[in-house]
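Under my numbering, the final residue of the sequence shown carries the number 563; numbering is consecutive throughout.
Where a beta carbon is used, it is the ideal one built from N, C-alpha and C, also for glycine.
On a predicted model such as this, the values are computed, not experimentally measured, just so you know.
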Amino acid sequence: MSEDATEAPSTETLTEETIDLVAELPKIADWLPDSIRPFWEVVATYPVVGAAVVAAVFYLAAFIIRSVVLASLDRLAARSDTTIDNAVIAHLRRPIFTSIFFFGLILAANVTKLPFGTSFIINLLASVIVVSWMLATLRISNTALDALSDNPRFTLIESRTIPLFDLTLKLGVILIASYCLLIIWGINPIGWLASAGIVGIAVGFAAKDTLANLFSGFFILADAPYKLGDFINLDSGERGRITSIGIRSTRLLTREDVEITIPNAVIANAKITNESGGPHEKLRIRILVGAAYGSDVDQICDVLQRVAEESHGVCTNPPHKVRMRGFGESSIDFNLLAWIDKPQDRGRISHELYMQVYKAFNEAGIEIPYAKRDLYIKEFPGTN
């Protein structure tokens, strides 16, 4: 018996996987019903005529969808209370029309069976579709962020965090679109990604402090321990108003109008007291008052209440309070607890209240004690 001359086909390991759009395109005849296929077979014998018919049909379909379907959806969206749906539909008009029409042009280019350049034309038309959707997605993301920032239910998205989400969404959309474009043009992105990973590791070691500040800035914007305009106290002693929250650092304006720049990696690990946080921005101040022993404690409470009521800087809601706190070495200790609207006014209003308390005590005849020393001389020298 003779040996079988047939050899098994050899297999090759492909190092790159690309997409041949010309080979992947469906045949138009497979889409058509049986009654129309004979007409198409006649038209297909004239490639230019067939391409023109395909392009015209898809242009008509794109025009109908844009003018009828999307217009109907736009009228339905106009009945809602929000405008975000109308904006989304407006941004989708161009990419939907472009996708349908240019897909028809891709099929038309495949029908013409040009001797050369067909793959280039098809890749170019597919790239236009990808770019149109990328631009539309960027516009829709901006519209969605603006709408969500105005909605009180989404506390994470506000004016200070919009740049963070906007940058993240743009990077994600651009990376996905770039990946699709590389695949369309037959470029394997795996090697590029591997090279980028090696470069990223080297850059990470060289700029670890900068990256630490960068990631801390993202966490600060996402966690929101403070916001622009808040008055904060740090465990290191700094106190001031937040004037800027950047990706690398946070800027603090002190009461002396001195701006302090704190790296985000430092402030992210610090203990922060946010005087503007809580259910409202109001701040309670504490006025420490001492009265001499023997004073009328009821009178002292009435005087302190009247001082708070007559002060223009003290809030009426929540109401102010007077509390007796204890017996000191030489005084009866009281606290006047009052609320103010802005934390930055704490020093000024405290000054005004102390001045008014001192005047009111003098008018009421209430003694404010101070340190006294009594000296007893047992005998004078030389008196014997």
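Out of the options, point me to the one whose CA is closest to residue i's CA.
i, options, result
"Ala-550", "Glu-489, Val-309 and Glu-508", "Glu-508"
"Ala-323", "Asn-367, Val-482, Ala-305 and Asn-265", "Asn-265"
"Ile-263", "Tyr-537, Gly-416, Leu-400 and Ala-326", "Ala-326"
"Asp-329", "Gly-457, Phe-280, Thr-261 and Pro-458", "Thr-261"
"Lys-592", "Asn-302, Asp-436, Gly-229 and Arg-427", "Since the displayed the chain opens at 180 and closes at 563, residue 592 lies outside it and no answer follows."
"Lys-500", "Tyr-472, Ile-466, Val-228 and Ala-287", "Ile-466"
"Pro-404", "Ser-415, Ile-363, Gly-457 and Ile-464", "Gly-457"
"Leu-304", "Pro-274, Thr-433 and Arg-258", "Pro-274"
"Val-437", "Glu-417, Ala-449, Val-445 and Ser-490", "Glu-417"
"Asp-345", "Leu-317, Pro-368 and Asn-367", "Leu-317"
"Met-313", "Leu-348, Lys-538 and Leu-286", "Leu-348"
"Lys-521", "Val-247, Val-307 and Arg-463", "Arg-463"
"Ala-539", "Val-493, Gln-484, Asn-514 and Cys-494", "Gln-484"
"Ser-415", "Ile-511, Ala-447 and Pro-217", "Ala-447"
"Val-233", "Asn-289, Ala-470, Asn-541 and Leu-255", "Asn-289"
Is residue i helix, strand or coil by DSSP?
i, result
"Arg-502", "strand"
"Phe-394", "helix"
"Ile-295", "It should be pointed out that residue 295 corresponds to Phe in this sequence rather than to Ile. Looking at Phe-295 - three-state DSSP - the assignment turns out to be coil, as it is neither helix nor strand."
"Leu-388", "For the sequence presented, residue 388 should be read as Asp rather than Leu. Reduced to three states, the DSSP call for Asp-388 is helix."
"Asn-453", "strand"
"Asp-329", "coil"
"Tyr-533", "helix"
"Ala-184", "Residue placement at Ala-184 is flagged as unreliable, the pLDDT there being 42, under the threshold of 50; the coordinate-derived value follows with that caveat. Reduced to three states, the DSSP call for Ala-184 is coil."
"Glu-546", "coil"
"Asp-475", "coil"
"Arg-552", "coil"
"Val-290", "helix"
"Trp-312", "helix"
"Lys-557", "coil"
"Ala-447", "coil"
"Cys-494", "coil"
"Ile-353", "helix"
"Pro-217", "helix"
"Asp-345", "helix"
"Tyr-225", "coil"
"Asn-367", "coil"
"Gly-526", "helix"
"Leu-324", "helix"
"Leu-193", "Caution is warranted here: a pLDDT of 37 is assigned to Leu-193, below 50, making its placement in the model unreliable, and no coordinate value can be reported."
What is the C-beta distance between residue i and residue j, in whole angstroms, given that I count them as a contact (C-beta under 8 Å)?
i, j, result
"Ala-517", "Leu-532", "7 Å"
"Asn-443", "Ser-395", "4 Å"
"Leu-393", "Val-309", "Not really, about 30 Å apart at Cβ, beyond 8 Å."
"Ile-424", "Ile-399", "7 Å"
"Gln-523", "Arg-430", "Wrong, their Cβ atoms sit about 16 Å apart, outside the cutoff."
"Ile-279", "Phe-237", "6 Å"
"Ser-474", "Phe-410", "Not confirmed; about 36 Å, so no contact."
"Ala-315", "Leu-271", "6 Å"
"Ala-513", "Ala-470", "What sits at residue 513 in the sequence shown is Phe, not Ala. Confirmed, Cβ separation roughly 7 Å."
"Leu-413", "Ile-451", "6 Å"
In the DSSP output, what is residue i paired with across the bridge?
i, result
"Trp-518", "Arg-463"
"Phe-511", "For clarity, residue 511 is Ile in the given sequence; the question names Phe instead. Note: Ile-511 sits in a beta bridge opposite Ala-470 and Phe-506."
Requested in this report: Within the region 404-441, note down every full beta strand (DSSP E) run reaching 3 residues or more, in order along the chain.
Outcome: Here the runs fully enclosed are 410-413, 418-424 and 428-433.
Requested in this report: Let me know the alpha helix (DSSP H) ranges lying completely inside the region 233-284, each 4 residues or longer, listed in chain order.
Outcome: Qualifying alpha helix (DSSP H) stretches, in chain order: 249-256.
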